C-alpha cells in the first residue's frame, strides 16, 4: 500500500500538536468572547458542508452577520480580530508539537518523500509551524482554496499543486470525519492519529489505511 506513496501530507490542529494544550490555554479567551464563538462555530459547521466557494471569506462573513445581526464587513472584521489575529499569539508562545514530529518530517524527507500541509485554518496563523516549514513542498489552507474538509476539493487542489495523482498521497490527521473520510473520498490514502481512548485499547480505526499512536510508531510504519 505504501509503495505507491510519494507525498505525505499533514493536517495541523490536533495532528501536529495536542489540541488539549491549546484548549486549556484558550479557555479564558473563549469565555471572554463566548457569544461570538457560539455563533462562529455554528457557521463553521455549515461551511463544512458547503460546495467550493469563489469567495469563502465573504460568504463566511455573511453567514456570521446573520447570526450577529450586524453588517457583513463588521462580521468579517470580528473574525479577523477574534479568530485569525486573536489566536495567533497562543501558537507562537505556548503550543509545542507532539514528540518526534520534527524527527518524522526530517526522516521522511531524507527517505525521499515530499511533505505537504493542508489545514482548515490558515497555516500562517501558526508562524513557522515550529520550524517545520523548510521540510514542506506545499502548504495550503482550505479556506483560501474555497472549501473546508471533508470536501474533496481542497484535497484535489493539493494534489494539483504538487503535480501528483491523489492515489500517491497519504494524508495524516486526527479527525475521522474531516481527515480520514475526506482524504479517502478524494482518492488518497489516510493515516489516523488515534485519540487517547483508542491508544489505551490498541484499537485501530477501520476506515483509516494506517492507525498510529505516536509519531515514532508512524515512522516505523513508513520506513
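In the numbering used here, the protein residues as written are 1 to 223. Backbone N, C-alpha and C define an ideal beta-carbon position, used for all residues, glycine too. Just so it is clear, the structure is predicted and the values come from calculations on it, not from any experiment.
Item, Value
"Reducing DSSP to helix, strand and coil, say where residue 46 ends up.", "helix"
"So residue 105 packs on residue 135, CB below 8 Å; how close in whole Å?", "4 Å"
"Should residue 9 and residue 116 be called a contact, given that it needs their Cβ atoms to be closer than 8 Å?", "yes"
"Using the three-state DSSP reduction, which class does residue 113 fall into: helix, strand or coil?", "coil"
"Would you mind giving the Cβ-Cβ distance between residue 165 and residue 159, rounded to the nearest angstrom? I have them listed as a contact below 8 Å.", "6 Å"
"Taking just the CA atoms, how far does residue 172 sit from residue 139?", "14 Å"
"Three-state secondary structure (DSSP) at residue 164?", "coil"
"With DSSP as the reference, please indicate the residues paired to residue 10 in a beta bridge.", "117 and 172"
"Rank 189, 81, 16 and 45 by C-alpha distance to the C-alpha of residue 33 and give the top, closest one.", "81"
"Considering only the alpha carbon of each residue, which of 83, 3, 54 and 126 lies closest to residue 38?", "83"
"Are three or more beta carbon pairs between the stretch 83-97 and the stretch 42-50 nearer than 8 Å?", "no"
"Check the C-beta distance from residue 141 over to residue 121 and give it rounded, since I have them as a contact under 8 Å.", "7 Å"
"Hey, how far is the Cα of residue 4 from the Cα of residue 31?", "47 Å"
"According to DSSP, simplified to helix, strand and coil, what is residue 151?", "coil"
"Under 8 Å by Cβ, that's how I've got residue 155 and residue 191 pegged, so tell me the actual separation to the nearest angstrom.", "Incorrect: roughly 14 Å between the Cβ atoms, too far for contact."
"Where does residue 82 sit, in a helix, a strand or coil, going by DSSP?", "helix"
"Residue 92 to residue 49, Cα distance in whole Å?", "30 Å"
"Measuring straight from C-alpha to C-alpha, what distance separates residue 98 and residue 21?", "11 Å"
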